[in-house]
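Colleague:
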Amino acid sequence: MIQVNSVNSEVLVSWPGFITELALLAFAIAVHRRYFSNLSDIPGPFWASVTRLWHVWIILEGKQNVRLKALHRKHGQFVRIAPNEVSVCHPDGSTLLLRANLHKGDWYSVTAVPDYRFQNPMSTTSPKKKKALSKHFAPGYALSQVLKREPDVDDNIEHLLRWVEKYAEDRMPMDLDRFITYTTFDNIGSALFSEPFGFIRAKFETLFTCHSDANFYTVATSAAH
Numbered sequence: 001m002i003q004v005n006s007v008n009s010e011v012l013v014s015w016p017g018f019i020t021e022l023a024l025l026a027f028a029i030a031v032h033r034r035y036f037s038n039l040s041d042i043p044g045p046f047w048a049s050v051t052r053l054w055h056v057w058i059i060l061e062g063k064q065n066v067r068l069k070a071l072h073r074k075h076g077q078f079v080r081i082a083p084n085e086v087s088v089c090h091p092d093g094s095t096l097l098l099r100a101n102l103h104k105g106d107w108y109s110v111t112a113v114p115d116y117r118f119q120n121p122m123s124t125t126s127p128k129k130k131k132a133l134s135k136h137f138a139p140g141y142a143l144s145q146v147l148k149r150e151p152d153v154d155d156n157i158e159h160l161l162r163w164v165e166k167y168a169e170d171r172m173p174m175d176l177d178r179f180i181t182y183t184t185f186d187n188i189g190s191a192l193f194s195e196p197f198g199f200i201r202a203k204f205e206t207l208f209t210c211h212s213d214a215n216f217y218t219v220a221t222s223a224a225h
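Residue numbers for the sequence shown follow full-length UniProt numbering, beginning at 1 and rising by one.
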């Protein structure tokens with residue numbers, strides 16, 4: 001039998017030295033991303049070029065669209081919004097990018113609900129899989145199908161206008177953005193499932209699903225970034 005004697009050893013850690021090395025590493029990464037990246041010549045906020053935390057912040061702030069619009073006014077059609085991400089605002093941008101069959105960013109995977117096993121056209125990052133999954137929804141968006149559902153869409157919009165009139169008569173402020181979202185969801189339900197979800201018809205107190213969904217995607221998008 002071999003007996004092994006345990007020896008107590010102490011590992012001395014120099015915390016000031018460790019913190020200094022960590023700070024130097026972070027500084028080197030920031031300098032590389034800002035000045036030596038392939039995207040370094042694209043204008044944008046300084047902090048956006050060195051860390052994604054800037055993008056996460058404007059998402060949590062709820063002003064992502066406003067901030068990006070202002071940045072495009074300032075810098076032009078191409079704005080760097082992350083170390084490896086560029087916002088494109090160009091008439092030909094969407095057509096060229098969609099036709100290129102590029103793989104989407106990994107953050108799209110958070111839209112697979114309830115988990116990764118249930119992929120949809122938005123959650124999958126593969127252009128081939130997206131095309132295959134989109135075929136299931138294509139008939140609902142065909143012009144012939146949309147025309148058939150036009151009376152239902154008109155009815156959903158009519159319910160929206162009734163809410164507008166009610167708030168106007170009561171002289172109460174109205175969160176129009178939410179009600180338009182409810183109407184949009186109902187129009188999608190009418191087009192794809194032959195009947196609306198009932199959001200715009202329900203009482204205001206019960207209309208929480210879309211709002212909760214928006215909160216979920218805000219948190220999920222931030223986490224994915």
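Idealized CB from N, CA, C, for every residue including glycine.
Note that the coordinates shown come from a computational prediction; the quantities given were computed from them, not determined experimentally.
Who are the Cβ neighbours of Phe118 in its own chain at under 6 Å, not counting the five residues just before and after it?
Modeller: Ala112
Colleague: Does the region 88 to 101 come within contact of the region 47 to 58, defined as at least 3 CB pairs closer than 8 Å?
Modeller: no
Colleague: Which term fits Ser126, buried or exposed, when burial requires 16 or more other beta carbons within 10 angstroms of its beta carbon?
Modeller: exposed
Colleague: Tell me which residues share the same chain as Thr20 and place their Cβ nearer than 6 Å to its Cβ, disregarding the 5 neighbours each side in the sequence.
Modeller: none
Colleague: CA-CA distance, Gly105 and Lys166?
Modeller: 43 Å
Colleague: From the DSSP output, which residues share a beta bridge with Ser87?
Modeller: Residue pairing for Ser87: DSSP places it in a beta bridge opposite Val79.
Colleague: Looking at the secondary structure, which residues open and close the alpha helix (DSSP H) in which Gln145 lies?
Modeller: Per DSSP, the unbroken alpha helix (DSSP H) holding Gln145 starts and ends at 143 to 148.
Colleague: Short check: CB of Tyr108 to CB of Thr95, under 9 Å?
Modeller: Taking 9 Å as the Cβ cut-off, Tyr108 and Thr95 do not qualify as a contacting pair.
Colleague: Could you have a look at Ser9 and say whether DSSP puts it in helix, strand or coil?
Modeller: With a pLDDT of 47 at Ser9, under the threshold of 50, the predicted position of this residue should be treated as unreliable, though the coordinate-derived value follows. The answer is coil: DSSP assigns Ser9 none of H, G, I, E or B.
Colleague: With DSSP as the reference, label Arg171 as helix, strand or coil.
Modeller: coil
Colleague: For Lys130, name the three-state secondary structure that DSSP assigns.
Modeller: helix
Colleague: Compare the C-beta of Arg149 with all C-beta atoms of chain B and state if any pair is closer than 9 Å.
Modeller: In the structure shown, chain B does not exist; there is a single protein chain.
Colleague: Just to check my reading of the structure: Phe137 and Leu98 have Cβ atoms closer than 8 Å, yes? What is that Cβ distance to the nearest angstrom?
Modeller: Wrong, their Cβ atoms sit about 16 Å apart, outside the cutoff.
Colleague: Compute the distance between the beta-carbons of Pro121 and Gly76, then report whether it is under 9 Å.
Modeller: no
Colleague: Have a look at Asn187 and Arg34 and give me their C-alpha separation to the nearest angstrom.
Modeller: 44 Å
Colleague: For Leu71 and Val79, I'd like the C-alpha separation in whole angstroms.
Modeller: 7 Å
Colleague: Is it true that the CB of Ala48 sits closer than 9 Å to the CB of Pro83?
Modeller: yes
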